[in-house]
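Okay, so here's the structure we're looking at.
Numbering (our numbering), first residue to last: 13 to 184.
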């Protein structure tokens with residue numbers, strides 16, 4: 013995703029990628045080197061402790077990551093912190109209709125299917141708003157799991173009403 017963002021912002025913009033795992037950081041750096049992109053920096057860290065100054069970025073994007081962050085309020089507060097006033101948050105993530113709750117700790121398959129940490133849709137939006145964002149809204153819903161080759165994944169995700177959502181919000 014950082015390489016697409018790098019093309020979008022052009023040579024005068026800067027894109028930061030954030031990952032917690034050394035293997036993904038190494039892979040990202042290899043891909044950046046292959047493309048010759050000079051406006052991308054990969055940072056090591058997690059969404060609750062972004063190694064950037066306050067109000068230092070215009071846009072934050074995330075693709076299928078925040079559902080895996082245990083402390084979502086802290087993650088959205090941290091994203092809010094690094095965004096400049098007038099900045100935008102746009103993300104794609106997994107949400108559910110039924111709370112996964114205590115079941116998730118008992119079923120590692122829920123984590124493998126990316127719903128172990130998924131929040132209930134309306135609670136997810138409320139968490140974004142509570143972090144200080146305005147106009148948090150779902151732009152699109154997709155039955156991401158319908159195309160899974162695993163019947164087990166389809167069954168489990170359907171039982172919780174899991175879906176992918178594209179969300180936008182702003183810092184005013």
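Beta carbons: idealized from backbone N, C-alpha and C, even for Gly.
This one's a predicted model, so the numbers in the text were calculated from it and none came from an experiment.
The beta carbon of residue 165 sits closer than 7 Å to the beta carbons of 125 and 157 from its chain, once the five residues preceding and following it are set aside; these are given in chain order. Sixteen is the threshold: since fewer than 16 other Cβ atoms of the shown chains lie within 10 Å of the Cβ of residue 19, the residue is exposed. If you look at residue 136, you'll find it in the alpha helix (DSSP H) that goes 133-142. Between the beta-carbon of residue 179 and that of residue 151 there is about 7 Å, and that keeps the pair under the 8 Å contact cut.
The beta carbon of residue 13 sits closer than 7 Å to those of 73 and 75, all from its chain and outside the five residues before and after it, given in chain order. Each of 161, 101 and 53 was checked against the Cα of residue 137, and the nearest Cα belongs to 101. Looking at 173, 175, 144 and 78, the one whose alpha-carbon comes closest to that of residue 181 is 144.
Residue state for residue 146 is assigned as strand, using DSSP reduced to three classes.
Residue 120 and residue 104 have their C-alpha atoms spaced approximately 23 Å apart. C-alpha of residue 51 to C-alpha of residue 58: approximately 21 Å in a straight line.
It is roughly 43 Å from the alpha-carbon of residue 109 to the alpha-carbon of residue 48.
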